[in-house]
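Here is the structure we will look at.
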C-alpha cells in the first residue's frame, strides 16, 4: 500500500496563507459565520471501526459552556474551567483537508497509527475537512514533524515567512474508495449558518405550546458542539501563527462565542495580549524579517502601540497566513481592530488589541445565563424579535446592539416583583484594579461568589409570561428619565453631563459609560411601538392555540410574533407579502414604492378605508387620511410602508 502523504498547507503568493484563526491556550475565541454553507457529517454514534469517537451533534453549547449542572461551585471557576477545557481540546486537534478521493477511514487509520484519536468530525467548505482530536498533544508534534511543505515539490520560494501550523492536507490511495462516507444525506447538517426565518417558523409550529417554542428557538439558534470546537481550533491555530513574530503573545476570546448567548452565525471577537513590556511592538525589518522593538516615536502610548501591532499583524495575515482573506484594518475606531475571514472554516473574525474588560463582560453574561434556566431562552427570543423588526442591526448606526439589549433583559429579570436574577453587586465583588497602570489600561476585578450562596429565585413565571411582561416593561419604562443599572438592580436619574440620551443602560464594568449611547429617540419610540404590537398579538385568543397543521406564515404563538417581518437587504419586508406578492413586486418599478409621508400610522387598528394587515410594517392599499392615529391625521400614499 502506498504511503500516505501529509503536507502542510502553504499560502500561494499574494493570497492568504495561514491556516486558521488563532486560539488562546487559556481562553479561546470564535469567529462570525460566513454566508457560505458549511456541511458537517456528524454521526450519532459513539465510535467507528477504528475505535475513534465520532462527534455527536446532539451536544450543544449548553452541555459545556452553559450547563447548570456543572460540578464547580464557584461561578468564576466554572467559566474558567470551561474555557480551559475548550482550549485543551483545540490544542490537541488537527484541521485536515482531504484530497479528492481520500476517505475518512484512510485518514483515521493513519492518525490512529500515530496516537489515540479521541474525537473527530467532518464538514464541507469548498473541500472536505476533518477535525481530529488526539488524546495527547505530543501526537500532533509527531505528525507535523513528518509533514512536508507543498512548496518543496516546486522548489519555489514564496514571498513570506513560512508558518508551521496544524492545518494539513492529507492524501492516500485507497483500494476501497467509499465516496458516500462524506455524502450521506441523513448525516449532513449546516454549520455556522442560522435557519431562515421561514424555516424557523415551520420548526416552531411543531412545538406543543409557546413555552416549548421559546426553548426550541434557543435550540435552533445556539452554537452546536462542532461549531464551538471549530471556533476554538481556529483561534488556537491563529495564536500559533502570531507567536512566530510575537513569541509571548496569547489570543483571548470574548463576546457571544463564549458567553452562552452566541448564535450559530455569531462572529469571533478576540483580543491579543502581546505579553511584552509596554511600548514593545513587532517591527518589520525588511523581507521576511520581524523582530520586537521599542519605537519611541510610534509607541509613545499603548493605543499607538496597539495600532502599530494590529497594522503589522494585518500585513502578516495577508502575506503569510494561509486561508485568511478580506483583511480590513479599522485602526482609528475607539477600539482599533482588524477584521478578516478564514476561508477553510468559513468563519470571520475580529482582532483587537488589549481588551481585558471584555473577558469580564463575557464571564458576567455567562454567569447570569447559568443562574436560571429561563434566562438564555428569553434573551435569544428577544434578540431574534428585535433583529427581525429592525431594532438591532449588524451595521453600525443608531440601533441598539446585542450587548445592551441583553443587559436590558437582565435588568427586567432583576426588577420583577419576585426577582428572577439578583443584582450584580449581590453575587460578585466589583473592584477596579488600576495599581501601576495607566488610565487607558485600567482593568476590572470581578470575582463571583460560590453558587451555593446564591438564593434560588422564587419567581414561578413561565418563559411566555416573562416575554409578555418584558414587552409591557418596554412600553411603560421611561427611558429618558431613568438609567438602568444591572450592577445595582435598580434605576437612578440619567446623568446630566450636557448630553441627552434617549436610552441610558449603564455599562456594569465601566459605570461611567452608557452602553446604549448611540441609540436614537426614534429607535426607542420604535421599540415601544413594536412592543405594543407584540402585547396585542399575545393577547389574541388564538395565540396559545397550538396547531402544527397551520401554515407557518399564519402561525400561532411565536410564529405570530415573528412572521410580521424579516430583515432583507437594507429594509424590513413582510413574510406574507413577500411570499404572496413577491413575484408581482419584482416585476414592477420599485420607485413606485419609495413614496413616503412625514406622518404615518404606527398603531394596529382599522383606519377608514385602510386595513392594516398582519402588522403595521405591511403596506396600505389606498390613499386616505387616518383620524385615529395618535398624532392626528396622516396622509398615506399608495403602498406606503408604515414601519
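Residue numbers (full-length UniProt numbering): 1 to 643. Backbone N, C-alpha and C fix where the C-beta goes; we use that ideal spot for every residue, glycine too. Bear in mind that the values here come from a model prediction, so they are computed numbers and not experimental data.
Item to check | Assigned exposure category for residue 353 - 16 Cβ within 10 Å defines buried | outcome: Classification for residue 353: buried.
Item to check | Sufficient close CB pairs (3 or more, under 8 Å) joining the segment 366-376 to the segment 520-532 | outcome: Pairwise C-beta distances place the segment 366-376 out of contact with the segment 520-532, as fewer than three of them are shorter than 8 Å.
Checklist entry - Does DSSP classify residue 429 as helix, strand or coil? => result Three-state DSSP puts residue 429 in a strand.
Next on the checklist: Using only the alpha-carbon positions, how far apart do residue 562 and residue 529 sit?
Outcome noted: Those two C-alpha atoms are separated by around 15 Å.
Checklist entry - In three-state terms, what does DSSP make of residue 460? => result Reduced to three states, the DSSP call for residue 460 is coil.
Next on the checklist: Does residue 485 pass the burial test, meaning 16 or more other C-beta atoms within 10 Å, or should it be called exposed?
Outcome noted: Classification of residue 485: buried, given that the 10 Å Cβ count is 16 or more.
Checklist entry - Is the Cβ-Cβ distance between residue 264 and residue 193 less than 8 Å? => result Taking the C-beta atoms as reference points, residue 193 is found nearer than 8 Å to residue 264.
Item to check | Inter-residue spacing [alpha-carbon to alpha-carbon] between residue 322 and residue 313 | outcome: Straight-line spacing of the CA atoms in residue 322 and residue 313 works out to 14 Å.
Checklist entry - Quick one: what does DSSP say residue 187 is sitting in, helix, strand or coil? => result Residue confidence is low: residue 187 scores 43 on pLDDT, short of 50, so the model does not pin down where it sits. Its coordinate-derived value is still stated next. Secondary structure at residue 187: helix, using DSSP grouped into helix, strand and coil.
Next on the checklist: Could you tell me the alpha carbon to alpha carbon distance between residue 363 and residue 125, rounded to whole angstroms?
Outcome noted: Rounded to whole angstroms, residue 363 to residue 125 spans 32 Å at the Cα level.
Next on the checklist: At the level of alpha carbons, what is the spacing between residue 410 and residue 461?
Outcome noted: About 15 Å.
Item to check | Cβ neighbours of residue 338 in the same chain (closer than 6 Å, five flanking residues each side left out) | outcome: Excluding positions up to five away in sequence, the list reads 310, 314, 329 and 351.
Next on the checklist: Less than 8 Å between the C-beta atoms of residue 479 and residue 502, yes or no?
Outcome noted: Going by beta carbons, residue 479 and residue 502 fall inside the 8 Å limit.
Checklist entry - Got a sec, what are the start and stop residues for the alpha helix (DSSP H) residue 139 sits in? => result From DSSP, the alpha helix (DSSP H) with residue 139 extends over 137-146.
Next on the checklist: Please identify the residue among 384, 271 and 416 whose C-alpha is closest to the C-alpha of residue 357.
Outcome noted: Nearest to residue 357 by alpha-carbon distance, out of 384, 271 and 416, is 271.
Checklist entry - residue 324 to residue 223, Cα distance in whole Å? => result In this structure, the CA atom of residue 324 is about 23 Å from the CA atom of residue 223.
Item to check | Beta-carbon gap between residue 230 and residue 242 smaller than 8 Å | outcome: With a cutoff of 8 Å on beta-carbon distance, residue 230 and residue 242 are scored as not near each other.
Item to check | Proximal residues to residue 207 (C-beta, below 6 Å), its chain only, five neighbours per side dropped | outcome: Cβ within range, chain order: 213 and 216.
Checklist entry - With a CB to CB cut of under 6 Å and the five nearest residues on each side skipped, what residues in its chain are close to residue 116? => result If we look at residue 116 and ignore the five residues flanking it on each side, its Cβ neighbours are 135.
Checklist entry - Are residue 488 and residue 402 close, meaning C-beta to C-beta below 8 Å? => result Taking 8 Å as the Cβ cut-off, residue 488 and residue 402 do not qualify as a contacting pair.
Item to check | For residue 271, the first and last residue of its enclosing beta strand (DSSP E) | outcome: Note, residue 271: beta strand (DSSP E), 268-273.
Checklist entry - Taking DSSP as the reference, what is the three-state secondary structure of residue 232? => result The answer is helix: DSSP assigns residue 232 an H, G or I state.
Item to check | Sequence-distant residues of its chain with Cβ nearer than 6 Å to residue 262 (five each side left out) | outcome: These residues qualify, in order along the chain: 223 and 256.
Next on the checklist: Give me, in chain order, the residues of the same chain whose beta-carbon lies closer than 7 Å to that of residue 99; leave out the 5 immediate sequence neighbours on both sides.
Outcome noted: Cβ neighbours of residue 99 beyond the five flanking positions: 169, 170 and 171.
Next on the checklist: What residue range does the beta strand (DSSP E) around residue 512 cover?
Outcome noted: Bounds of the beta strand (DSSP E) holding residue 512 are 510-514.
Checklist entry - Where does residue 17 land, buried or exposed, given buried means 16+ other C-beta within 10 angstroms? => result In this predicted model, residue 17 has a pLDDT of only 24, less than 50, meaning its place in the structure is not dependable enough to derive any value.
Checklist entry - Taking all protein chains shown into account, do 16 or more other C-beta atoms lie within 10 angstroms of the C-beta of residue 495, making it buried, or fewer, making it exposed? => result Its Cβ having fewer than 16 others within 10 Å, residue 495 is exposed.
Checklist entry - Roughly how many whole angstroms lie between the Cα atoms of residue 267 and residue 459? => result Distance between the alpha carbons of residue 267 and residue 459: 34 Å.
Item to check | Beta-bridge pairing of residue 547 - partner residues as DSSP gives them | outcome: Beta-bridge pairing links residue 547 to no other residue.
Item to check | Alpha carbon of residue 408 to alpha carbon of residue 374, nearest angstrom | outcome: If you take the alpha carbons of residue 408 and residue 374, they lie about 15 Å apart.
Item to check | residue 222, DSSP secondary structure in three states | outcome: Looking at residue 222 - three-state DSSP - the assignment turns out to be strand.
Item to check | For residue 78, the first and last residue of its enclosing alpha helix (DSSP H) | outcome: Residue 78: member of the alpha helix (DSSP H) spanning 75-91, first to last residue.
Checklist entry - Opposite residue 94 in the DSSP bridges: which residues? => result Per DSSP, 132.
Next on the checklist: Between residue 465 and residue 483, how many whole angstroms is the CB-CB distance? I'm expecting something under 8 Å.
Outcome noted: Not really, about 27 Å apart at Cβ, beyond 8 Å.
Checklist entry - When burial is assigned at 16 or more other CB atoms within 10 Å of the CB, is residue 129 buried or exposed? => result Buried, by the Cβ-count rule.
Checklist entry - By Cβ distance, which residues of its chain are closer than 7 Å to residue 651, with the 5 residues on each side in sequence left out? => result No answer is possible for residue 651: the residues shown for the chain start at 1 and end at 643.
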